[in-house]
Every structure is written in structure tokens, then in C-alpha cells.
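Engineer: Supplied in C-alpha cells, the structure appears directly below.
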Amino acid sequence: MKLAKSYCFIFLTLIQNTFGTTFYAHPERNFEQTQQLKATFLLTESLHRIAMAFDSAGTQNRKKIIENLIDDKSITTVLGIGDLSQEEKYSKVRSALSIWPHSYPGSIIDIGDFQKASVSSLGLLQLTFNTTRMAYKLAGLEEPKNVDEVIDNMTFGPHDVYQDNKILDLRSTMKGVCNARKIALDENINAPKEYHWMRWVIKLAPSSVTQMAEMFLGYKKNCETLSSDVMDITNPHFSPLRGNPKAKGQTEGLSVFLVKKVYANNKNIENSPIIRALRALRQTSELSANESEEDAVIHALDVEIKNADLVNLFGLATHNHGLEIYLMKGALELINDQKRAVNLALEMDANINHFYGLLAKHHKARLEIAKNSSPTSLRIKAERPYHYWGGAVVSCELVNRGYETWVASLSSAILGKAYEMMITGSNGESIANKSEDINLHLEGAQTWARFCR
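In my numbering, the protein residues as written are 67 to 519.
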């Protein structure tokens, strides 16, 4: 789900500063450059972690840390100090450790002289693999064992401590919404936009209107479980790629949820049905324009895929912003073999990009065919058809968590409307230009709620 058109520019400033070129949200025309940027971003995060571990160490331990770093091949490569004397290396590393805590994520090129040369994405990710493990070791932390821990340990991601407690406040007040109790933040025009977004969802959701019987919502379901599940699925957080948290489009929704779905089977990651489907689609050059997106993809796969996995597959390709960063990070931290980890990180990024290209080409072909026929479905003529899959992802997951289909589809549709209100800064009265997007959310939610159980 591409939650907002404004997300198309998440990397824009960074890429223009770094490469002096235009960025496309799904960069089939700029792919190598944007992939290199993502790899640099991940390397910067690991260096930031190393510096934070250094900052938290005592004086004696700091000296030992520097002595270890000046003999580490990855660090000397990053800083371009391989040919210097030990004394000069010590000075360079000490200086870098004072810069790295402040250079993430905005000044991504401030990570060493080596960046002046052309460094491949492969090389950057190999360095990231090594420095990430070094960062955990220096901090005295165990390496993550599952994708939840990978995401929770992001230096600048969805973890509450990095959100100025906004998301934490949001979660803690959901019960008040369920009880229809107003609180001060409801009337505060300066309250975070992501707060109002989620409050709208729960206020308007069917379970918040009255205490309904379980038979209407789903077995052992109530307003509190719905608010908790909606928060878990949408997982609102500031994009780690957005420098200005007050700017529109800084809040991400489904990225974390979708990445967790990809890496759900931690014991056999490459056997994930979504990863296998993306690999199969990489061998496809074109989807049949005579079929809907989902039918064309199913036939291109030529293997059975569950409806829930199919919906999440579409979600991945149509919501790829910060999401690829999380996917690449998951591969690098969950797989202990460097070659396997780096190859999967690069492959996931490339495969999602390829799938997006297939969908974009398919949509254009369907639109051309539709010009000579009538009526035309909303999805075919829509300017932003990706909203359809956003509604489908949320609705499908709610159904599979035990909610009745009408609850799932209505909640998902309201979530889409509330989001459009949030990104436009509207109170609900000025979103006429978003009616197409809102209706796509509704269509996707209603269609797939029936098929995902």
C-alpha cells in the first residue's frame, strides 16, 4: 500500500544531493543509484550504532574500542585509512566516532573518504553486514533472533523512544476512544497528525459506537482488541528516511507489517511464499493485459499461492518506500552467512522493483484497452490504483485475526479515509479530491475481506 503520493519524495532530497538526479518512487529508471543509496543508509545506521556504543562506554573501554576499530578491515575501508600509521588511524577513528552519532540519517555521505569513490551496493552491504555485528558486540547486545527484534532495534525507526513518545501516547489512549471518552489531545490542534489519524479510525469503527456482542465482531473480539490489532497492522511511525517529522508524508503505515510477513518463518527464510513468488515473477517479462492484476499474477506464477500471501505480495510492490530498507536490513541481520545475507538483500530490492515495473506496464496496457470499452472499472482508470491494495492488506489481515468480514472491510475503509484526511490536513470537509483514493481503499477492503479467511 502506497499510503500517500507525498511518499514518492521520501528519498528525493537525499538523492538529489548525492547524485544530482531525479528520483522515481519505484526507480526502475534509477534503480542502481537508489539501491546504492539504500545500502549507504544501512551502513550509516550501523556506524551510528558503533558510535553510540562508544559514547556509552567508560574511559578505559573507549580506548579499547578504538584500538579494536583501527585494526578492523571494514572500519579502515570506510575511513580510507588502510595505509596510515597506527597513530594516524587512532586519530581518524576518534574523529569519526564524534561525527557518526550526528550524521544519521541526514548527512549520509559523511561516513568516510571512501565515499568519494564509486562503491557498489554489494560492497556497501558487505560492510554493513560486518559493522552491524560489530555494533551489537560493542554494545553488549545479542544479535536479533527474529524479524520483530530487527525492526524494534532500528536506530531511527518505529520504536517508541525515537518518536518523542507520540506513538506511545497514541497506543495508550486507544482505550479512551473505545469508551467514547474525550481527552485533551482530541481538541489540541497541535497534536501529532498520526495521532488524529488513528483516533479517527477507532472513533468511526463499528465497535466504538457501542459495546457489540462477540457474534457481531468475531469470537472474543471487542473495541480494545480491534484498536490494538489496527495499530499492530498499520504500525504508524515516522519514516526513517524523512528528515523533517513535521512534513506531510512522514508517517509510514504497512511497511513493518509487510516485512514481518516476509520473514515470518525465521528458520527457513528463503522458503517464504512471498520470496518464492517474487523470484518466480522475476522470470516474467509481461503480465497479460486481458486479465486483472491478480489473475495475471496468479497465472504468471503458475503455482498455488494463498489469497493472504497474494494480497501481501501486492502490498509489497505498491508500498515500497522505507519498506525496502527494512527488508534489506532483515536479510542482513537474520542470516549469519555474509554472502547469503547480502545476496538476499540485493535480490529482494531488485525483485520488488521488477514486480512494480510489471504492474505499472500492466496498468498502462489495461487502461489503453479500456479506452475502447465501457464501463471502465475504478481500478483501471484510477490515477493511484495502489490504494486498492492498501485496503485489501488491512482488511485481509483483520479477517485472518478473527474479525467478521464486515468489521474488517469497514475498519479498513475508514482507515483509508482517515489517512487521506491526515495527509491533507483536513477535518473531513475538504477531501473531495481524494474521493477516488478513498473509494479504492473501500473496494480493495470489501473485495478481499470475503476471500482471505
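All C-beta atoms in this analysis are idealised placements derived from N, C-alpha and C, irrespective of residue type, glycine included.
Would the stretch 107–116 count as touching the stretch 190–200 if we require 3 or more Cβ pairs under 8 Å?
Structural biologist: Yes, they touch.
Engineer: Residues in its own chain within less than 8 Å of K427 by CB, not counting five upstream and five downstream?
Structural biologist: If you number the sequence shown from 1, residue 427 lands on position 361. Excluding positions up to five away in sequence, the list reads E352, L353.
Engineer: Look up I174 in the DSSP assignment and say whether it is helix, strand or coil.
Structural biologist: Residue 174 sits at position 108 when you count from the first residue of the sequence shown. Because I174 sits at a pLDDT of 47, beneath the cut-off of 50, its placement in the model cannot be relied upon, and the following sentence gives the value as read from the coordinates. Here I174 sits in coil by DSSP.
Engineer: How big is the Cα-Cα spacing for Q126 and A474?
Structural biologist: Numbered from 1 along the sequence shown, position 60 holds the residue referred to as residue 126. Numbered from 1 along the sequence shown, position 408 holds the residue referred to as residue 474. Rounded to the nearest angstrom, the two C-alpha atoms are 57 Å apart.
Engineer: Do L188 and L412 have their CB atoms nearer than 9 Å?
Structural biologist: Taking the sequence shown and counting its residues from 1, the one referred to as residue 188 is at position 122. Taking the sequence shown and counting its residues from 1, the one referred to as residue 412 is at position 346. Cβ distance < 9 Å, so L188 and L412 count as in contact.
Engineer: How many Å lie between V328 and L444 at the Cα?
Structural biologist: Counted from its first residue, the sequence shown places residue 328 at position 262. Counted from its first residue, the sequence shown places residue 444 at position 378. Roughly 29 Å between the two C-alpha positions.
Engineer: Taking H429 as part of the alpha helix (DSSP H), name the residues at either end of that continuous run.
Structural biologist: Translated into the one-based positions of the sequence shown, residue 429 becomes position 363. Residues 404–436.
Engineer: In the structure shown, what three-state DSSP assignment does A91 receive?
Structural biologist: Residue 91 sits at position 25 when you count from the first residue of the sequence shown. The pLDDT assigned to A91 is 44, lower than 50, so where the model puts this residue is not dependable, and the model offers no usable value.
Engineer: Buried or exposed: which applies to V363, given that a residue is buried once 16 or more other Cβ atoms fall within 10 Å of its Cβ?
Structural biologist: Here residue 363 corresponds to residue number 297 of the sequence shown, with the count starting at 1. When all chains shown are included, V363 counts as buried.
Engineer: DSSP has E318 in a bridge; who is on the other side?
Structural biologist: The residue given as residue 318 occupies position 252 in the sequence shown. Paired residue(s): H303.
Engineer: For R516, which residues from the same chain have a beta carbon less than 7 Å from its beta carbon, with the 5 sequence-adjacent residues on both sides left out?
Structural biologist: Along the sequence shown, one-based indexing puts residue 516 at 450. Closer than 7 Å at the Cβ level, and outside the excluded window around R516, lie T471.
Engineer: So does the stretch 457–471 actually touch the stretch 396–404, counting three or more Cβ pairs closer than 8 Å?
Structural biologist: Result no; under three Cβ-Cβ pairs closer than 8 Å.
Engineer: Could you check what DSSP says for V369 in three-state terms: helix, strand or coil?
Structural biologist: Indexing the sequence shown from 1 puts residue 369 at position 303. Note: V369 maps to coil in three-state DSSP.
Engineer: Taking 9 Å as the cut-off, decide whether the C-beta atoms of L324 and N378 are in contact.
Structural biologist: Locating residue 324 in the sequence shown gives position 258, counting from the first residue. Locating residue 378 in the sequence shown gives position 312, counting from the first residue. Going by C-beta atoms, L324 is nearer than 9 Å to N378.
Engineer: What distance in whole Å lies between the Cβ atoms of V213 and N332, which are believed to be in contact at a cut-off of 8 Å?
Structural biologist: Sequence index remark: in the sequence shown, residue 332 carries index 266 (1-based). Sequence index remark: in the sequence shown, residue 213 carries index 147 (1-based). Contact flag correct, Cβ pair sits at about 7 Å.
Engineer: Quick one: what's got a C-beta closer than 6 Å to S501's C-beta in the same chain, skipping five residues either side?
Structural biologist: To locate residue 501, count along the sequence shown from 1; it is residue 435. The answer is none, since no qualifying residue turns up.
Engineer: Could you tell me the alpha carbon to alpha carbon distance between A201 and N288, rounded to whole angstroms?
Structural biologist: As a first step, residue 201 must be located in the sequence shown, where it is residue number 135. As a first step, residue 288 must be located in the sequence shown, where it is residue number 222. Cα-Cα distance, rounded: 42 Å.
Engineer: For N505, which residues from the same chain have a beta carbon less than 7 Å from its beta carbon, with the 5 sequence-adjacent residues on both sides left out?
Structural biologist: If you number the sequence shown from 1, residue 505 lands on position 439. The answer, listed in chain order, is L444.
Engineer: Assuming contact is defined by CB atoms lying nearer than 9 Å, are G510 and A436 in contact in what I supplied?
Structural biologist: For the purposes of this step, residue 510 is taken as residue 444 along the sequence shown, with counting starting at 1. For the purposes of this step, residue 436 is taken as residue 370 along the sequence shown, with counting starting at 1. The answer is no: Cβ separation not under 9 Å.
Engineer: Considering only C-alpha positions, which residue in the set P210, A343, T198 is nearest to R115?
Structural biologist: By one-based count along the sequence shown, residue 115 stands at place 49. Nearest of P210, A343, T198 to R115, Cα basis: T198.
Engineer: Whose CA, out of C518, E486, R519, I480, lies closest to the CA of L508?
Structural biologist: Residue mapping note: residue 508 aligns to position 442 of the sequence shown, counting from 1. Closest by alpha carbon: I480.
Engineer: Can you tell me which of Q512, G319, T100, R160 puts its alpha carbon nearest to the alpha carbon of A117?
Structural biologist: Here residue 117 refers to the residue found at position 51 of the sequence shown. Checking every option, the nearest Cα to that of A117 belongs to R160.
Engineer: Going along the chain, which residues of its own chain have a beta-carbon closer than 7 Å to the beta-carbon of G124, five neighbours each way excluded?
Structural biologist: As a working mapping, residue 124 is identified with position 58 in the sequence shown. If we look at G124 and ignore the five residues flanking it on each side, it has no Cβ neighbours.
Engineer: In this structure, does DSSP put G284 in helix, strand or coil?
Structural biologist: By 1-based counting over the sequence shown, the position of residue 284 is 218. G284: coil per DSSP, three-state reduction.
Engineer: Tell me whether T142, by its Cβ, gets closer than 8 Å to a heavy atom of the ligand MN.
Structural biologist: The ligand MN is not part of the structure shown, which contains no ligands of any sort.
Engineer: CA-CA distance, K130 and W166?
Structural biologist: The residue given as residue 130 occupies position 64 in the sequence shown. The residue given as residue 166 occupies position 100 in the sequence shown. About 18 Å.
Engineer: Pick out whichever of I418, E154, D298, V369 has its Cα sitting closest to the Cα of G319.
Structural biologist: Here residue 319 is taken as the residue at index 253 of the sequence shown, counted from 1. Comparing Cα positions, the closest option is D298.
Engineer: Is DSSP giving V465 helix, strand or coil here?
Structural biologist: Position 399 of the sequence shown, counting from 1, holds the residue named residue 465. Helix at V465.
Engineer: Looking at C-beta atoms only, is the number of pairs between the stretch 143–157 and the stretch 366–376 that lie closer than 8 Å three or more?
Structural biologist: Too few Cβ pairs lie closer than 8 Å, so no.
Engineer: Please go through the same chain and pick out, in chain order, the residues whose beta-carbon is closer than 6 Å to the beta-carbon of L410, but skip the five residues on each side of it.
Structural biologist: If you number the sequence shown from 1, residue 410 lands on position 344. Closer than 6 Å at the Cβ level, and outside the excluded window around L410, lie A397.
Engineer: According to DSSP, is A343 helix, strand or coil?
Structural biologist: Indexing the sequence shown from 1 puts residue 343 at position 277. Three-state result, A343: helix.
Engineer: For L103, which three-state DSSP category applies?
Structural biologist: In the sequence shown, counting from the first residue as 1, residue 103 sits at position 37. Here L103 sits in helix by DSSP.
Engineer: Please report the straight-line C-alpha distance between D121 and E336, rounded to a whole angstrom.
Structural biologist: For the purposes of this step, residue 121 is taken as the residue at position 55 of the sequence shown. For the purposes of this step, residue 336 is taken as the residue at position 270 of the sequence shown. Between D121 and E336, the C-alpha separation is close to 37 Å.
Engineer: Run the CB neighbour count on N334, radius 10 Å, all protein chains shown included, and call it buried at 16 or more, exposed below.
Structural biologist: Along the sequence shown, read from residue 1 onward, the residue named residue 334 stands at position 268. Its Cβ having fewer than 16 others within 10 Å, N334 is exposed.
Engineer: DSSP on P167, reduced to helix/strand/coil?
Structural biologist: Along the sequence shown, read from residue 1 onward, the residue named residue 167 stands at position 101. Helix, per DSSP.
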